[in-house]
Amino acid sequence: GENVEQHPSTLSVQEGDSAVIKCTYSDSASNYFPWYKQELGKGPQLIIDIRSNVGEKKDQRIAVTLNKTAKHFSLHITETQPEDSAVYFCAARKLSSNTGKLIFGQGTTLQVKP
Amino acid sequence: GAVVSQHPSWVICKSGTSVKIECRSLDFQATTMFWYRQFPKQSLMLMATSNEGSKATYEQGVEKDKFLINHASLTLSTLTVTSAHPEDSSFYICSARDGFGLAVSGELFFGEGSRLTVL
């Protein structure tokens, strides 16, 4: 089945610096790649997503890039702020599948130091 | 955006008792809901896919008789942990897919999670 690998597991940056989190997926049929932010004791919140028909998507300080050939996708956060500190998960899914099963990466704990 | 509500947000129970967790889609109809389990500092692991009006599909290694799932309406799915034991203590999270409005977008909406502690 689908497997999603995420790196790094922890990431510490200084406020204002950029943070990059990378994921690889195994199922070439996956075509939807969302990123979630999870704060302590809460459910995951979607922060950005990308489909396989585009290579990059931006939303203010957050961007996601996708390399279908290499089966890699990455999350880029620029001008990081302390409130960006959280656990981030990548995920992959086949939109064509009626079940819409979402497979998560292992998560990255991001710490932004003031 | 769409809202998914989970109840209770936390529950403490004695070993051997059963606990029911509800997942509701508040402003859309969810033909499919998903139940995840998350241990501390770990990722979300899919337990089962809940389809309205039919039996749930369980992932490998998840005991069907232990984790009973019912999706009787388009806005409600329930997860019942039967004869709970301390090793069942975990954070349970549901998500729902809009079966009609946002089906093309692919977005899944997550609940806030339910923390179960079994003494």
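Protein sequences, first through last, are from chains A and E.
Numbering follows the working numbering, in which position 46 of the first sequence is assigned residue number 57; successive positions increment by one, without gaps.
Numbering follows the working numbering, in which position 107 of the second sequence is assigned residue number 106; successive positions increment by one, without gaps.
The beta carbon of each residue, even a glycine, is placed where N, CA and C say it ideally should be.
Rounded straight-line distance, which links the Cα of residue j to that of residue i
i       : j       : result
G131(E) : C22(E)  : Lying before the first or after the last residue shown, residue 131(E) is absent from chain E, which here runs from 0 to 118.
E13(A)  : L115(E) : 28 angstroms
A71(E)  : P125(A) : 48 angstroms
S76(E)  : C34(A)  : 31 angstroms
R36(E)  : Q71(A)  : 32 angstroms
F33(E)  : T79(E)  : 14 angstroms
V15(A)  : T16(E)  : 35 angstroms
T81(E)  : K63(E)  : 10 angstroms
N69(E)  : T89(A)  : 43 angstroms
Q28(E)  : Q25(A)  : 43 angstroms
F100(A) : S53(E)  : 30 angstroms
P93(A)  : Y91(E)  : 27 angstroms
Simplified DSSP state of residue i, which is helix, strand or coil
i       : result
K60(A)  : A small fix is needed here, since residue 60(A) is Asp in this sequence, not Lys. D60(A) falls in the strand class under three-state DSSP.
D87(E)  : helix
E21(E)  : strand
D26(E)  : coil
P125(A) : coil
S16(A)  : The question names Ser, but residue 16(A) in the sequence shown is Glu. Correct three-state label for E16(A): strand.
Q117(A) : coil
V119(E) : The structure shown does not extend to residue 119(E), since chain E is modelled only from 0 through 118, so no value can be given for it.
Buried or exposed (CB count within 10 angstroms, at least 16 for buried), residue i
i      : result
F84(A) : buried
S23(A) : exposed
D60(A) : buried
Q5(E)  : buried
W46(A) : buried
L43(E) : buried
N42(A) : buried
Spatial neighbours of residue i in its chain, beta-carbon cut-off 7 angstroms, leaving aside the 5 residues before and after
i       : result
V117(E) : C12, S14, A83, H84, P85, D87 and S88
Contacts around residue i, its chain only, beta-carbon distance under 8 angstroms, and the 5 residues preceding and following it disregarded
i      : result
S96(A) : L121, Q122 and V123
S20(A) : Q117, G118, T119 and T120
P55(A) : Y47, K48, Q49 and F100
Same chain, Cβ closer than 6 angstroms to residue i, neighbours up to 5 away in sequence not counted
i      : result
S24(E) : V3, T74 and A95
Y57(E) : A47 and K63
Q | Length at least 3, wholly inside the region 42-94 of chain E: the beta strand (DSSP E) runs in chain order | A | 43-50, 66-72 and 75-80, all fully within the region 42-94 of chain E.
Q: Ignoring anything shorter than 3 residues or poking outside the region 24-109 of chain A, list the beta strand (DSSP E) runs there in chain order.
A: Whole beta strand (DSSP E) segments, 3+ residues: 30-36, 43-49, 56-62, 67-70, 73-78, 83-88 and 97-103.
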